[in-house]
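Here the structure is laid out as structure tokens; the discussion comes afterwards.
In the working numbering, the protein residues as written are 295 to 663.
Shown next as structure tokens:
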């Protein structure tokens, strides 16, 4: 379909509560909403780059530049067949996966609306509901963390991920496990450790954790292989897997036993599907990570996580976990069985709250053919 225009909305949305990881603390979440128009239809995507280059080198500022000056000229006025066609067109742009993924998501939304199919149908999803958990940032103390975990369990979440960093890992994890011996619990280091300092995590290796996520450097696979050999608990890679190729490296090296699939991190939903397919063929569990998405990205993640290989709960969570007011009219709610229902309407299956989008938009630009 011929893309007539591309609009970028830089939005900034207050979080319900601060979210702290090993690389920083967020109280407001910035991102870029991508809007594509074609054949009297509008498709929406979400570029999850934030203000700070903590999790990823991309920021809203760099993504805006790449989207406007490099990706838009390859898309606007062009007849884009599908996601694979899009990936071929942007292949000459090195990296900048978050920017690419935002446009690809909008393209999927357009194609689904044109064909009258939901993303779940287009992907070949197998589930009507996706099992989800909640990700909890670093708290002021171990006791405060247990109280926070309790509050989310009371809301109905059955799997919890806690963020850790050096000096804030053993006491916290032990406290949560002691309070909840049967809880499906996992920890996420966001690359905070070295191969040597990560040995402190041996103290939590017997706590029956689902996984230890990305303990070492964000570009490392080899040292994770060494670390996994020392642990009973599965190591899960996140930041290190930036493409299907890197997923293959990790599996061949036995650097992990689980992979967190974030479609934005790997350059788009099509790339996330490819990683799922690779892992599913080798019986390697995958799960869908989260990036504090709005309802746009949340709908996209739910569709992806409906694929059969996503056998662990995702970091998708309900809308009210992050935002009092979202930019979609639809609010995703937690079902009684700790699942969220996958959208079934064409495309992403969500509609935009135009007033909310306008309220949260800091800047906007439209590029036409």
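Glycine included, every Cβ here is placed at the ideal spot set by N, Cα and C. Quick caveat: nothing in here was measured; it's all calculated off a predicted structure.
- Sixteen is the threshold: when 16 or more other Cβ atoms of the shown chains lie within 10 Å of the Cβ of residue 643, as they do, the residue is buried.
- When DSSP states are grouped into helix, strand and coil, residue 357 belongs to the helix group.
- For residue 310, the number of other beta carbons within 10 angstroms of its own is below 16, and it is reported as exposed.
- Straight across, the Cα-Cα distance linking residue 352 with residue 407 is about 30 angstroms.
- Taken through DSSP and simplified to helix, strand or coil, residue 554 comes out as strand.
- Contact annotation: residue 518 and residue 534 have beta-carbon atoms nearer than 8 angstroms.
- One thing to note: residue 560 has its Cβ within 8 angstroms of the Cβ of residue 391.
- The C-beta of residue 587 has 16 or more other C-beta atoms within 10 Å across all chains shown, which makes the residue buried.
- The continuous beta strand (DSSP E) containing residue 311 extends over residues 299-315.
- Cα atoms of residue 451 and residue 466: separation of roughly 19 angstroms, rounded to the nearest angstrom.
- Taking C-beta atoms as the reference points, residue 475 and residue 495 fail to come closer than 8 angstroms.
- In this structure, residue 459 sits away from residue 498, with a CB-CB distance that is not shorter than 8 angstroms.
- Of the other Cβ atoms in all chains shown, 16 or more fall within 10 Å of the Cβ of residue 340; this residue is therefore buried.
- Counting other Cβ atoms within 10 Å of its Cβ, residue 557 reaches 16 or more and is therefore classed as buried.
- Residue 295 holds the alpha-carbon nearest to the alpha-carbon of residue 369 among 616, 611, 355 and 295.
- In this structure, residue 548 and residue 522 form a Cβ contact; the two beta carbons are roughly 7 angstroms apart against a cut-off of 8 angstroms.
- Residue 553 holds the alpha-carbon nearest to the alpha-carbon of residue 571 among 637, 638 and 553.
- For residue 618, DSSP assigns no beta-bridge partner whatsoever.
- With a 10 Å radius around the Cβ and a threshold of 16 neighbouring Cβ atoms, residue 659 comes out exposed.
- Counting only residues of its own chain and dropping the five nearest sequence neighbours on each side, residue 656 has a CB closer than 6 angstroms to the CB of 304 and 306.
- Under a 10 Å Cβ-count criterion, residue 410 is classified as exposed, with fewer than 16 other Cβ atoms of the shown protein chains found around its own Cβ.
- Contact between the region 378-389 and the region 561-568 is present: three or more C-beta pairs spanning the two stretches fall below 8 angstroms.
- Shown here, residue 498 sits in a helix according to DSSP, grouped into three states.
- Taking C-beta atoms as the reference points, residue 480 and residue 455 count as a pair closer than 8 angstroms.
- When the five nearest sequence neighbours on each side are left out, the beta carbons in the same chain lying within less than 6 angstroms of the beta carbon of residue 645 are those of 623, in order along the chain.
- Ranked by Cα distance from residue 414, the options 374, 631 and 593 are led by 593.
- Counting along the chain, no alpha helix (DSSP H) covers residue 429; the unbroken beta strand (DSSP E) around it starts and ends at 428-430.
- Assigned with DSSP and collapsed to three states, residue 340 falls in strand.
- Under the three-state reduction of DSSP, residue 362 is assigned to helix.
- Within its own chain, the residues whose Cβ lies closer than 7 angstroms to the Cβ of residue 403, once the five positions on either side in sequence are excluded, are 337, 338, 339, 641 and 642, listed in chain order.
- By the 16-neighbour rule on beta-carbons within 10 angstroms, residue 577 is exposed.
- Apart from sequence neighbours up to five positions away, the residues of its chain that approach residue 627 with a beta-carbon distance below 6 angstroms are 612, ordered along the chain.
- Here residue 347 has 353 as same chain residues with Cβ atoms under 6 angstroms from its own Cβ, once five neighbours each way along the sequence are excluded.
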